[in-house]
Each structure stands twice: as C-alpha cells, then as structure tokens.
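According to this note's numbering, the sequence shown is numbered sequentially starting from 352.
Here's the structure we're looking at; comments come further down.
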Amino acid sequence: MSEEIVGVIYPVPSNLIDRIFKEGKDVFIKHPTCFKKLKPGHRVLFYASQEIRGIVGEATIKNIDFLKISEIYKRYRDRVFISEEEAKAYSRPLDSRGTGVGGARDIKFLVLELQDIKKYDKVVKPKRFITVGGKYLTKKEYEEISGKVF
Numbered sequence: 352m353s354e355e356i357v358g359v360i361y362p363v364p365s366n367l368i369d370r371i372f373k374e375g376k377d378v379f380i381k382h383p384t385c386f387k388k389l390k391p392g393h394r395v396l397f398y399a400s401q402e403i404r405g406i407v408g409e410a411t412i413k414n415i416d417f418l419k420i421s422e423i424y425k426r427y428r429d430r431v432f433i434s435e436e437e438a439k440a441y442s443r444p445l446d447s448r449g450t451g452v453g454g455a456r457d458i459k460f461l462v463l464e465l466q467d468i469k470k471y472d473k474v475v476k477p478k479r480f481i482t483v484g485g486k487y488l489t490k491k492e493y494e495e496i497s498g499k500v501f
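Structural data, given as structure tokens:
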C-alpha cells in the first residue's frame, strides 16, 4: 500500500532561500521533476542545500503550471524567486564538466504559485538525502517534520 502524497521537498541553494521568506517571492520555478502527483493544496517544503542542508520552511501550492521562460516573466514579473537571467542560465545545456554552454533552451518550467509561506524557527534535518530533483512528501513524513517545528 502506498502512502498518501501531501506534497514535495525541493532543494533551493542556501543563498537563494531568503528570496522566498524575506523578499516575499511567491512563485517557485524549476525543471519539471517530481511533479506528477502534485496538486493545489499540497505542501512544498524547502530544503536549503549547500551549507545549511536542512528543511527551513514550507508553503502551500495555490496553482501549478508549465510555462516557457518568457511566459513566466510576462505573467509573474518580479514575483518569481529567481531572475529571468538566472532562469536562462539554469536552462542552458551542460557540457561534460557540468558547465552551462550555449544559449538557453526554450523549455517549459514547472511553475508553482505559492501561498501561506512559513519559515521554520529551526532547521529540520531530513532522514534521507534530497536530490536535485526533489522528493515526494508523504503524510507520515510531513507529520514528523511539522511536529518538530510547530
């Protein structure tokens, strides 16, 4: 029996996390990985990667879309947590060393419009490593995590 999915955990570089919690950026975009089971009302937990390496907060998904870079910034403008230039750099093909090369690909991004954004008072270390693609969040996992911060 599979456990009920109530959201997802996505990694965000530690240096960008304050854009969501302090600057009020309420549109999260990423390459579409770990998304097929998501729906409005589900939670997104933010795993601050790099130096923090822990879950630092959450939000509720208000709307889910798939848009090209130009469409994202026409619709959401400065609400997106990364700039259009950062999104273009993020979408460049990688060479064998993992370095972005060439022009940005005109691909669709997963676009999550968020609400009820909350930063946790303390960092919660996940039981398992969170990959760059993210990880679905089960009801049981969410209850364990929220019990440590609320």
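Glycine included, each C-beta is placed from N, C-alpha and C at the ideal position.
Just so you know, these numbers come straight off a predicted model, no measurement behind them.
Near residue i, what residues of its chain come up, given a Cβ to Cβ distance below 6 angstroms and the 5 sequence neighbours on each side ignored?
{"i": "I371", "result": "F432"}
{"i": "K469", "result": "G408, E409"}
Does any C-beta atom of chain B lie closer than 8 angstroms to the C-beta of residue i?
{"i": "S400", "result": "Included in the structure is just one protein chain, with no chain B present."}
Could you spell out the range, first to last residue, of the alpha helix (DSSP H) harbouring residue i?
{"i": "E495", "result": "490-500"}
{"i": "E437", "result": "435-441"}
{"i": "R370", "result": "368-372"}
Considering just the uninterrupted stretch of the beta strand (DSSP E) at residue i, what are its terminal residues?
{"i": "I360", "result": "356-364"}
{"i": "I415", "result": "405-419"}
{"i": "G394", "result": "The amino acid occupying residue 394 in the given sequence is Arg; Gly does not appear at that position. Looking at the DSSP string, the run of the beta strand (DSSP E) that includes R394 is 394-400."}
Identify, in the order they occur along the chain, each residue of the same chain with its Cβ nearer than 8 angstroms to the Cβ of residue i, setting aside the five sequence neighbours on each side.
{"i": "T489", "result": "E354, E355, I356, V357"}
{"i": "L367", "result": "F432, I433"}
For residue i, which residues from the same chain have a beta carbon less than 7 angstroms from its beta carbon, with the 5 sequence-adjacent residues on both sides left out?
{"i": "P391", "result": "I412, K413, N414, I415"}
{"i": "T384", "result": "G484, G485"}
{"i": "V395", "result": "G358, V359, Y361, F379, E409, A410, I412, L463, L465"}
Across the region 418-429 and the region 467-486, are there enough close Cβ pairs to call them in contact, namely three or more that are closer than 8 angstroms? no
Below 8 angstroms, how does it come out for the region 434-442 and the region 462-477: are there three or more Cβ pairs, yes or no? no
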